[in-house]
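In this text, residue positions in the sequence shown follow UniProt numbering: the first is 1, and each later residue adds one.
I have placed the structure first, in the form of structure tokens, so that the comments after it can refer back to it.
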Amino acid sequence: MFGRGCIGFVGWRGLVGSVFIKQSQVAANINNESTKYLFLSSTYRRLVKFLIGVYNVKKTNDVKALLKCKAIVSMQGSDYTDITLSNLRNLNWTGYWIDAASSLRRQLNVCVVLDPVNSRTIKSSIESGKKSFVGGNCTVSLMLMVLHRLIRRSNMKWMFVTTFQSVSGAGSNYVKGLLLQMAFLSRARFRDVLNSSIQVRIGDPSVSESVVGSIVPWIDEETNKLGTSKEEQKGFIETNRILGLPMIPNVGGVCIRVGVLRCHSQSFLIKVEKSMCFGCAADIIQSTSRWVKLLPNIKAYSRQLLTPEHIAGSLVVAIGRLKKLPFNSGLLSMFTVGDQLLWGAVEPIKRTLKLFCNMVSN
Ligand SMILES: NC(=O)c1ccc[n+]([C@@H]2O[C@H](COP(=O)([O-])OP(=O)(O)OC[C@H]3O[C@@H](n4cnc5c(N)ncnc54)[C@H](OP(=O)(O)O)[C@@H]3O)[C@@H](O)[C@H]2O)c1
1 MFGRGCIGFV
11 GWRGLVGSVF
21 IKQSQVAANI
31 NNESTKYLFL
41 SSTYRRLVKF
51 LIGVYNVKKT
61 NDVKALLKCK
71 AIVSMQGSDY
81 TDITLSNLRN
91 LNWTGYWIDA
101 ASSLRRQLNV
111 CVVLDPVNSR
121 TIKSSIESGK
131 KSFVGGNCTV
141 SLMLMVLHRL
151 IRRSNMKWMF
161 VTTFQSVSGA
171 GSNYVKGLLL
181 QMAFLSRARF
191 RDVLNSSIQV
201 RIGDPSVSES
211 VVGSIVPWID
221 EETNKLGTSK
231 EEQKGFIETN
241 RILGLPMIPN
251 VGGVCIRVGV
261 LRCHSQSFLI
271 KVEKSMCFGC
281 AADIIQSTSR
291 WVKLLPNIKA
301 YSRQLLTPEH
311 IAGSLVVAIG
321 RLKKLPFNSG
331 LLSMFTVGDQ
341 LLWGAVEPIK
351 RTLKLFCNMV
361 SN
């Protein structure tokens, strides 16, 4: 069925989309001689090369073209999803919608995908006729890649996380802003920088905040819940949703934007059962999956291998600085680094698309 169908890609020019296209070309797991591909963009009008073909680009609002797709992968953003998906469903479109944006994640008829953690839920959702699938929030997905087994086996009581999120997590224009700020700073006089008399702010309206030489301790919109940002709220909602656990607010934190180009880092404080021994926790983490790399809590490993610079572009999610805190039994602290464009965005949706291709063509 899928072999003869068409797969549409929206948002393929963006950060998530361009990594998705690159990873799909390398993995070559969605191609079939008779599968057609449709590329859409609101601005780009040139030809696109993909696998062995060359494609014209249609407009993102070309409903006639979208209706012909058996599956649409949208990496364009929530506004696009909100308008387009309901339009298509109103026109009785029954294809699969696979999304990187957040807007669908709270809907009950949508499956939040992270197959190393919830592959059974994904398969049963496909079998039961669900048609919309969405990747989780990037920090939640990266956290669960490393900690889902520990959360379950330690009977985790609560978790507090501080995130250090790279600028590429906020899209292409934010990255452009960081590069402009870096360029501005590199032209500044060393004496001015030392005297802090310099403001690393640029006139680009798309980036209103300085992330070079500074941090921004608020990501996404405000909510009316106890000073929690929307990004922080996703922490407990999506964690429990992906794990299939009751919606108890047991994950709290502070989400911070930092001037790193790629990869999100996170520092965790986790309350586990008092009886859990330190070695058992380490074994559970290490055996979670082949993508988890537990590093010894020593200086050289932490400084060289537990960094965005080392992890960028890799499917490995590194975890280190694992400590049992002496003042309270059952408290563990740790630090992780993962590429948010891979496990935090592209991998879950790419693997879900592959699953459709396999399931529906078998
Ligand atoms: N970035 C992440 O790490 C990440 C992680 C998880 C989820 N997400 C979600 O995934 C969605 C897409 O995120 P994104 O980071 O890929 O956004 P993005 O880089 O801003 O790209 C989104 C779209 O913006 C347009 N665009 C505007 N200026 C552009 C430029 N200079 N270069 C390339 N494209 C540009 C393109 O659409 P046209 O072709 O129509 O012009 C592109 O498809 C969002 O909903 C986001 O929340 C992102």
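Backbone N, C-alpha and C fix where the C-beta goes; we use that ideal spot for every residue, glycine too.
Taking the Cβ of Cys138 as the reference point, at least one heavy atom of ligand 1 falls within a distance shorter than 7 Å.
Comparing alpha carbon positions, the residue from Phe164, Val337, Thr163 closest to Ser302 is Val337.
In this structure, Gly253 lies near Glu232, with their beta-carbon atoms less than 8 Å apart.
For the 8 Å CB-CB criterion, Gly135 and Val110 do not form a contact. Of the other Cβ atoms in all chains shown, fewer than 16 fall within 10 Å of the Cβ of Ile52; this residue is therefore exposed. Assigned with DSSP and collapsed to three states, Leu261 falls in coil, not helix or strand.
Our two residues, Gly129 and Gln286, have alpha carbons roughly 35 Å apart in a direct line. Residue pairing by DSSP places Glu222 opposite Ser229 in a beta bridge. In the same chain as Gly5, and ignoring 5 residues on each side of it, the C-beta atoms closer than 6 Å to its own belong to Lys70, in chain order. Set against 7 Å, the gap from the CB of Asn173 to the closest heavy atom of ligand 1 is smaller.
Put simply, of Lys234, Thr162, Lys49, Thr121 the residue whose alpha carbon is nearest the alpha carbon of Thr352 is Thr121.
A direct Cα-to-Cα measurement between Leu67 and Leu325 gives close to 56 Å. The C-alpha of Ile21 is placed about 16 Å away from the C-alpha of Thr35. According to the DSSP assignment, Asp82 belongs to the alpha helix (DSSP H) that extends over 78–90. Looking only at Trp343, Leu322, Thr307, Met334, the smallest Cα-Cα distance to Leu315 is reached by Trp343.
For Gln165, the enclosing beta strand (DSSP E) begins and ends at 158–165. Around Gln165, the same chain offers Arg257, His264 as residues with beta carbons nearer than 6 Å, after the five sequence neighbours per side are excluded. Proximity to Thr94 across Ile126, Asn87, Glu127, Lys131 peaks at Lys131, based on C-alpha coordinates. Relative to ligand 1, even the nearest heavy atom lies 7 Å or more away from the CB of Thr352. Between ligand 1 and the CB of Val16, the shortest heavy atom gap is smaller than 7 Å.
Counting of Cβ neighbours within 10 angstroms places Lys59 among the exposed residues, the total staying below 16.
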